[in-house]
Amino acid sequence: MTDFARLAEQRLREAIARGELDQLPGRGKPLKLDDDDAVPGELRAAYRILRNVGLVPREVELLKRIEAARVRYETATDPAARARELRQVEELCLEYNELHPRPVPQQASSLKRNR
22 MTDFARLAEQ
32 RLREAIARGE
42 LDQLPGRGKP
52 LKLDDDDAVP
62 GELRAAYRIL
72 RNVGLVPREV
82 ELLKRIEAAR
92 VRYETATDPA
102 ARARELRQVE
112 ELCLEYNELH
122 PRPVPQQASS
132 LKRNR
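Following the numbering used here from start to finish, the sequence shown increments by one per residue and tops out at 136.
Structure, rendered in structure tokens:
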């Protein structure tokens with residue numbers, strides 16, 4: 022757990038102990054975890070159908086693959102393996118950027134700078 026996460030947890034526990042969260046809307050009710058407000062209206066039905074059959078949108082799959090390749094890159098000790106994983110991150114970022122108008126948050130070029 023990061024220092025930030027520990028601090029957040031501590032502050033939440035303190036607020037709960039003081040009763041500051043008792044009057045929040047929805048208290049005692051299940052969370053709505055399948056909120057799709059961020060999905061454009063014309064895609065919501067399609068995304069819901071895909072989610073219900075266990076599929077995810079292509080861009081979500083690519084982001085997961087980018088993150089996995091980034092972790093493999095950062096943990097690899099062999100220079101050949103690092104180079105292979107860096108190429109994988111770059112290729113996946115390009116594929117994601119072709120599908121999605123916004124660039125991928127973790128650009129492969131930032132991995133090169135952190136060597």
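Beta carbons are placed, not taken as given, at the ideal position from N, Cα and C, and that holds for glycine. Here the structure is a predicted model, which is why all the values come from computation and not from measurement.
Under the three-state reduction of DSSP output, Q44 falls in the coil class, being neither helix nor strand.
If you look at P100, you'll find it in the alpha helix (DSSP H) that goes 100–120. Linking Q31 to K53 through their CA atoms gives a straight-line distance of about 24 Å. When the beta-carbon positions are compared, E106 and A90 come within less than 7 Å of each other. CA-CA distance, L33 to Y68, rounds to 33 Å. Straight through space, the alpha carbons of I87 and R93 are spaced by roughly 10 Å. For V92, the enclosing alpha helix (DSSP H) has its first and last residue at 79–96. The shortest C-alpha to C-alpha distance from L84 to any of P61, D99, E119 is the one to E119.
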